[in-house]
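What follows is one structure encoded as structure tokens, with my remarks underneath.
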Amino acid sequence: MEKLKRGDRIKMYLAYLSLNSPISIKKFLNFAVENKIPEITSRRDVKLLESLNYIDLEMGLIKLNDSKEYEATRDEKHSANREEKAKIALTAVSMIKEKELFVGAGTTCEMFVKSINTPIKLLYTNGFEVARVANLNVNINRVVLIGGKLRPQSSAMCGPIANMVVETLKFSQSFITVTNMDAEFNLCNNNEDEAYLTNKVISRSGEVVCLMDHTKFNQNFYGNIISNVSSIDQLVIDKEIEGPEFEELKTKTNVKW
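Under our numbering, the letters of the sequence shown match residues 1 to 257, in that order.
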């Protein structure tokens, strides 16, 4: 049997727990072994599931947190819609106006900073992986990582510390991404801390450019609203979308593809 990636293991665990929770840790580990997952790996996965709030551990039992929806791992996000993200990144690069930028966390933003081919004096980011990629780009002179609590699903630094830092700064031009846009044209993130920080960035920015592929448009989503799309200056997508909703979107902000 081919070795399962962590994201696939998590999906399998959650599917199993949805039918068998609560369950003893021993039975859970036996289930993992039956599926060719070494016990040392499954024990580490249990700690990960708890840290991500998918499960609670009580008196030797694993209890599934039913209110927590599955969030794709960073590797899964990185692999999804790569061609679309690459196209968005190139369009966004052509829109750079300033020598100092803020760039948010997210795999599309990672492609964006990798593609930057014009001199940038200073780049602020709350994305750990964005900072790493930006630091490798010879066109970017200095990278400042805004610290805070690290979310492994997105490599974003967020929380009270990051919020306080952003409140002391002003950005001439900011590039952000979102989890999706809902039917009311609200920009959303499935994490409350990330949504709050992104809202702070928008309020502290002279111009905001949002990078979003077409699959994130008009989704039914019950997450955390960042702000309405009318609060940003530019929305960059990978292609034109047919339908009256897209026509209405174009009345609320400038859309480029």
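Think of the CB as a built atom: it goes at the ideal place given N, C-alpha and C, for glycine as much as any other residue. Note that the structure is a prediction, hence the values are computed from the model and not measured.
Beta-bridge annotation (DSSP): glutamate 100 is paired with Leu122.
In the structure shown, asparagine 180 falls within a strand segment according to DSSP collapsed to helix, strand and coil.
Methionine 157: member of the beta strand (DSSP E) spanning 156-158, first to last residue.
The beta carbon of arginine 9 sits closer than 7 Å to the beta carbons of Ile37, Asp45 from its chain, once the five residues preceding and following it are set aside; these are given in chain order. In this model, tyrosine 13 and asparagine 191 are separated by some 21 Å (Cα to Cα).
For valine 208, same chain residues with a beta-carbon under 6 Å away, outside a window of 5 residues either side, are Ser174, Ile202, Ile232, Asp233 in chain order. Scanning Asn163, Leu64, Ile88 for the CA closest to the CA of isoleucine 25 turns up Leu64. For glycine 243, the closest alpha carbon among the candidates Phe217, Asn224, Val236 is that of Phe217. Taking all protein chains shown into account, valine 130 has 16 or more neighbouring C-beta atoms within 10 Å of its C-beta and is therefore buried. A contact is defined here as three or more CB-CB pairs under 8 Å, and the segment 99-108 meets this definition with respect to the segment 163-173.
Counting of Cβ neighbours within 10 angstroms places glycine 148 among the buried residues, the total reaching 16 or more. Distance between glutamate 240 and valine 113, taken at the CA atoms: about 24 Å.
Pairing asparagine 135 with isoleucine 120 gives a Cβ-Cβ distance that is not under 8 Å. Sixteen is the threshold: when 16 or more other Cβ atoms of the shown chains lie within 10 Å of the Cβ of asparagine 189, as they do, the residue is buried.
Take the alpha-carbon of isoleucine 161 and the one of glutamate 34: they are about 43 Å apart. When Val138, Leu90, Leu235, Pro22 are compared, the shortest CA-CA separation from asparagine 180 is found for Leu235. Arginine 151 is bridged by DSSP to Ala156. For glutamate 248, the enclosing alpha helix (DSSP H) starts and ends at 244-249. Assigned with DSSP and collapsed to three states, valine 138 falls in coil, not helix or strand.
By the CB criterion at 8 Å, isoleucine 176 and alanine 195 fall outside the cutoff.
Apart from the 5 residues on each side of it in sequence, valine 143 sits with its Cβ closer than 6 Å to the Cβ of Leu123, Ala131, Ala134, Asn135 in its chain, given in chain order. Per DSSP, reduced to three states, the secondary structure at glutamate 207 is strand. Annotation: the continuous alpha helix (DSSP H) that includes serine 51 extends over 39-51.
Taking the Cβ atoms as the reference, alanine 89 lies roughly 7 Å from threonine 108, within the contact range of under 8 Å. Scanning Met59, Gly7, Ala92 for the CA closest to the CA of aspartate 213 turns up Ala92. Per DSSP, glutamate 110 is not a residue of any beta strand (DSSP E); the alpha helix (DSSP H) it occupies stretches across 107-115. The beta-carbon separation of asparagine 228 and asparagine 186, rounded to 5 Å, stays under the 8 Å limit for a contact.
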